[in-house]
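Input: a single structure, listed below in structure tokens.
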Amino acid sequence: MAETPTVHTIDLDVPDWPGHRAGQHLDIRLTADDGYTAERSYSIASAPGEPVALTVERLDDGEVSPYLTEELRAGDELEVRGPIGGYFVWDAARGDGPLLLIAGGSGVVPLRSILRHRHRTGATTAARLLYSARSQAELIYRAELDSYRDVPVTYTLTRDKPPGWTGRTGRIDQALLAEAAWPASQGPLAFVCGPTPFVEAMAEGLVGLGYPPARVKTERFGATGG
Amino acid sequence: MSPVSRGFRGRRREAEQGRVPPGQYVTKDFPVLSAGPTPHTPLDKWSFSVTGENGGGTSWNWQQLRALPAETVTADIHCVTRWSKLDTAWQGVSVDTLLDQAGLEGSYVLAFCDGGYTTNLPLADVTGGRAWVAFGYDGAPLDPEHGGPARLLVPHLYFWKSAKWVRGLRLMDADEPGFWETYGYHMYGDPWKEQRYAGD
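Residue numbers (the numbering used here), protein chains in the order written: chain V, 1214 to 1439; chain B, -2 to 197.
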């Protein structure tokens, strides 16, 4: 399913999937007919208990993402390994302070898994999302994110100001971060995912707001991803 | 046997064959992966320690470490997230030099870092000219986001073993998982054997 022209959500039917936690990723391996393989990691977009779904952004210089977003058809077989990762995860049962989710671009994918997990379990942990994208057209999951009535979402567009836009524009600066983030005194737990410079800036900004580094979990992807 | 992915050709890189471990692709960038914020420890508060299981050990402040003989190392590095970077150039102090001065014994080391990160390695993998405490990259001071002021450099293992922001080594008699190792990553991490995750 196309989320945007370059971002697609792919539903996988994985036999014997052991289940995953919100925020984990998996590896996908593609094999050419002569045995050549390429493998990349992708964040899981669905909540624990749901079938595995990935949301993949097509990278122009990518090797695997163009295949997944353009070539792959329903019924094709993929080689999958996972789930992987146990640090950038959130468990509704653990709660652990109000949630602050900060996404840059397709970094929203594992955070969407966290929000779906929170919603499906009826967790009462308070949550906020701060989501930066280049343009309105590049925002993914917009309708779903807006449907979580108890989760304030702050959108900001860095290269676009469409007519009627009521969200923010420009990069997230320290003032916006301070406004959107829970005060450190409330013991929040932050998850930040996006491109490296974005994550560096956000994590540093949160530490500047008094967040202990151990309460800021980061996941970064480089432009050379997949 | 892997199923063939219909219509997948991939990008071939014949020239790199034999140089790049299985499942890796070459990048010219230097991607960054860390679990949390980048620490910024001022150099006048920085030290590096080698400690023993039962106490003891040696510590160097920044000036003392920089006064030790430094080496220039050119190596290929391989990240478990599948990028490899060829011919990276580093400056650092050999771990042999530090261990010789500390005079402690053990079979494994646990590298510990600012930010609480740890990683475990067999002693044999950080001795014999195979590991460094690196403070320079490409002739310049090592960037904080890449682990500066100093990181461990153990290029023959997956790069998470080359702990960023390293502050010391603890010698141990028995192997003990570090940070990523407790989250399912391999205890040893040989890229040529694709030891990415526990059980590989």
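Beta carbons are placed, not taken as given, at the ideal position from N, Cα and C, and that holds for glycine.
Which chain B residues are close to residue i, counting only those with a beta carbon under 8 Å from its beta carbon?
{"i": "L1358/V", "result": "What L1358/V touches in chain B: nothing, since even the nearest Cβ is about 25 Å away."}
{"i": "L1243/V", "result": "S2, F5, G7"}
{"i": "V1420/V", "result": "P34"}
Can you find the residues in the same chain that come closer than 7 Å, C-beta to C-beta, to residue i, ignoring five residues on each side of it along the sequence?
{"i": "C110/B", "result": "A160, K161, W162, V163, R164"}
{"i": "A1393/V", "result": "R1341, L1343, T1367"}
{"i": "H1332/V", "result": "Y1361"}
{"i": "W1230/V", "result": "V1265"}
{"i": "A1391/V", "result": "L1422"}
{"i": "D172/B", "result": "Y105, N117, M184"}
Kindly list, in the order they appear in chain B, the residues whose Cβ is closer than 7 Å to that of residue i.
{"i": "E1270/V", "result": "What E1270/V touches in chain B: nothing, since even the nearest Cβ is about 16 Å away."}
{"i": "T1429/V", "result": "Here the sequence assigns Val to residue 1429/V, which means Thr is not the residue at that position. Here the neighbours are G33, P34."}
{"i": "Y1368/V", "result": "Result: empty, since nearest Cβ-Cβ is about 24 Å, beyond 7 Å."}
{"i": "D1226/V", "result": "Result: empty, since nearest Cβ-Cβ is about 14 Å, beyond 7 Å."}
{"i": "I1297/V", "result": "G181, Y194"}
{"i": "D1363/V", "result": "Within chain B, no residue comes near D1363/V; the closest Cβ sits about 27 Å away, beyond 7 Å."}
{"i": "D1246/V", "result": "V1"}
{"i": "Y1300/V", "result": "A32, Y180"}
Determine the chain V residues that contact residue i at a beta-carbon separation under 8 Å, and present them in chain order.
{"i": "Y22/B", "result": "A1251, E1276"}
Could you work out which residue in the options is closest to residue i when comparing CA atoms only?
{"i": "V1265/V", "options": "A1340/V, D1274/V, R1234/V", "result": "R1234/V"}
{"i": "D1274/V", "options": "G7/B, Y114/B, D84/B", "result": "G7/B"}
{"i": "L1239/V", "options": "L1370/V, R1286/V, D1309/V, P1323/V", "result": "P1323/V"}
{"i": "T38/B", "options": "D172/B, P141/B, H183/B, P152/B", "result": "P141/B"}
{"i": "P1375/V", "options": "R1355/V, S1348/V, C1406/V", "result": "S1348/V"}
{"i": "R1242/V", "options": "E1283/V, V1277/V, P1426/V", "result": "V1277/V"}
{"i": "L1285/V", "options": "G1295/V, V1269/V, P1425/V", "result": "V1269/V"}
{"i": "Y1459/V", "options": "Y1249/V, D1247/V, D1224/V, M1415/V", "result": "The structure shown does not extend to residue 1459/V, since chain V spans only 1214 to 1439, so no value can be given for it."}
{"i": "I1297/V", "options": "A128/B, G181/B, L149/B", "result": "G181/B"}
{"i": "G1320/V", "options": "E1283/V, G1423/V, D1363/V, E1351/V", "result": "E1351/V"}
{"i": "A1215/V", "options": "A1260/V, T1371/V, R1271/V", "result": "R1271/V"}
{"i": "A1414/V", "options": "A1356/V, E1432/V, I1353/V", "result": "E1432/V"}
{"i": "G1262/V", "options": "D1373/V, R1329/V, R1384/V", "result": "R1329/V"}
{"i": "Q61/B", "options": "G33/B, V90/B, S81/B, P36/B", "result": "V90/B"}
{"i": "R3/B", "options": "S1398/V, G1288/V, R1381/V, Y1424/V", "result": "G1288/V"}
DSSP state of residue i, grouped into three classes?
{"i": "S1256/V", "result": "strand"}
{"i": "K190/B", "result": "helix"}
{"i": "L154/B", "result": "coil"}
{"i": "D1224/V", "result": "strand"}
{"i": "Q88/B", "result": "strand"}
{"i": "V1366/V", "result": "strand"}
{"i": "T69/B", "result": "strand"}
{"i": "R209/B", "result": "This structure cannot settle anything about residue 209/B, because the visible part of chain B is limited to -2 through 197."}
{"i": "L1402/V", "result": "strand"}
{"i": "R1286/V", "result": "coil"}
{"i": "W1451/V", "result": "Nothing can be reported for residue 1451/V, as the shown portion of chain V is limited to 1214 through 1439."}
{"i": "G175/B", "result": "coil"}
{"i": "E1357/V", "result": "helix"}
{"i": "D1240/V", "result": "strand"}
{"i": "T94/B", "result": "helix"}
{"i": "E1292/V", "result": "strand"}
For residue i, which residues in the same chain have their Cβ closer than 8 Å to its Cβ, ignoring the five residues on either side in sequence?
{"i": "T78/B", "result": "P28, L30"}
{"i": "T94/B", "result": "L65, P66"}
{"i": "W59/B", "result": "L40, D41, W43, S44, P146"}
{"i": "E50/B", "result": "G103, R167, L168, M169, D170"}
{"i": "G1299/V", "result": "R1234, Q1237"}
{"i": "T1250/V", "result": "R1242, L1243, T1244"}
Between residue i and the rest of its own chain, which residues show a CB-CB distance below 6 Å, the 5 nearest in sequence each way excluded?
{"i": "L154/B", "result": "G186"}
{"i": "G100/B", "result": "none"}
{"i": "A1436/V", "result": "Any reading at A1436/V must be qualified, since the residue scores a pLDDT of 41, below 50, and its modelled position is unreliable; the value itself is stated next. Excluding residues within five positions, none has a Cβ falling inside 6 Å."}
{"i": "F1411/V", "result": "G1317"}
{"i": "L166/B", "result": "V47, V106, A108"}
{"i": "K1430/V", "result": "F1301, F1404"}
{"i": "G1308/V", "result": "T1338"}
{"i": "T1282/V", "result": "H1221, V1269, R1271"}
{"i": "P188/B", "result": "P18, H75, Y155"}
Bridge partners of residue i, per DSSP?
{"i": "P1408/V", "result": "F1434/V"}
{"i": "M184/B", "result": "Its beta-bridge partners do not exist; DSSP assigns none."}
{"i": "L107/B", "result": "N117/B, R167/B"}
{"i": "G1317/V", "result": "S1345/V"}
{"i": "T1268/V", "result": "T1222/V"}
{"i": "R148/B", "result": "A131/B"}
{"i": "P138/B", "result": "G133/B"}
{"i": "L1422/V", "result": "Paired residues: none, contrary to the question."}
{"i": "T1250/V", "result": "T1244/V"}
In chain V, which residues lie less than 7 Å from residue i when you measure between Cβ atoms?
{"i": "R3/B", "result": "D1289"}
{"i": "L107/B", "result": "Result: empty, since nearest Cβ-Cβ is about 18 Å, beyond 7 Å."}
{"i": "E173/B", "result": "Those do not exist, as E173/B stays about 17 Å from chain V at its closest Cβ, beyond 7 Å."}
{"i": "E142/B", "result": "E1413"}
Could you name the residues of chain B that residue i contacts, counting a contact when the two beta carbons are closer than 9 Å?
{"i": "R1433/V", "result": "P28, V29, L30, S31"}
{"i": "A1416/V", "result": "S31, G33, P34, T35"}
Would you mind telling me which residues of chain D sit closer than 7 Å to residue i, beta carbon to beta carbon, in chain order?
{"i": "S1254/V", "result": "The structure shown contains no chain D; the protein chains it does contain are V and B."}
So residue i contacts chain V; which residues on that side make the cut at Cβ distance below 9 Å?
{"i": "E102/B", "result": "Going along chain V, no residue has its Cβ under 9 Å from E102/B, so there is no contact; the nearest lies around 32 Å."}
{"i": "G112/B", "result": "P1426, A1427"}
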